[in-house]
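First up is the structure itself, then whatever we jot down about it.
Numbering (our numbering), first residue to last: 65 to 242.
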């Protein structure tokens with residue numbers, strides 16, 4: 065029984081080493097798409113546009129929140145002076161406005177996510193296509209996205225700067241990379 069185990073282990077190791085000896089060297093590259101998005105000219109333009117829209121939404125939410133706080137203070141001050149029914153009406157109004165604010169916040173949050181996706185997705189697709197062009201041109205076997213689980217790597221296999229450079233060149237020419 066012991067001889068069988070040793071034989072099986074030996075055969076397994078033999079197969080592994082034979083496979084490794086016959087394997088070709090695979091050229092690997094790494095790209096950080098988030099960095100490319102943030103540092104590319106088109107990415108900066110898209111993010112600036114989004115920031116302006118998001119700032120308007122933020123100001124409206126802050127205004128509604130201030131109004132709600134004023135209403136609450138007013139309710140606290142007048143609660144002893146108002147009749148029971150008037151007090152209930154004020155509380156209902158406060159609760160309604162609070163609920164409306166929560167709905168508005170969620171709507172804006174969803175809208176911001178949608179707008180960000182719509183602004184960023186075409187750029188990310190173009191960056192991926194450029195990475196694919198680089199892969200073909202430079203004979204990479206595989207290009208990995210940094211955020212997809214790459215923990216560490218040598219700096220010389222990072223193609224992010226090359227992707228940004230090529231994307232910016234194409235973007236400036238007016239031909240949005242596909």
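For each residue, glycine too, the CB sits at the ideal point set by N, CA and C.
7 Å Cβ cutoff, residue i in contact with chain D
i	result
residue 140	The structure shown contains no chain D, having only a single protein chain.
Supposed close pair residue i, residue j - CB separation, criterion 8 Å
i	j	result
residue 95	residue 187	Incorrect: roughly 14 Å between the Cβ atoms, too far for contact.
residue 139	residue 161	With 8 Å as the limit, residue 139 and residue 161 do not qualify as a contact, their Cβ atoms being about 11 Å apart.
residue 110	residue 191	Actually they are not in contact, since the Cβ atoms of residue 110 and residue 191 sit about 12 Å apart, beyond 8 Å.
residue 114	residue 180	6 Å
residue 135	residue 158	5 Å
Distance CB(residue i)-CB(residue j) smaller than 7 Å
i	j	result
residue 204	residue 93	yes
residue 194	residue 231	yes
residue 144	residue 165	no
residue 121	residue 167	no
Residues bridged to residue i (per DSSP)
i	result
residue 95	209
residue 222	94
Limits of the unbroken alpha helix (DSSP H) element including residue i
i	result
residue 176	148–201
residue 116	105–142
Selection from the options that minimises the alpha carbon distance to residue i
i	options	result
residue 229	67, 105, 219, 166	105
residue 116	176, 163, 103	176
residue 103	237, 184, 216	184
residue 129	107, 189, 147, 163	163
residue 198	225, 219, 218	225
residue 201	216, 217, 178, 227	227
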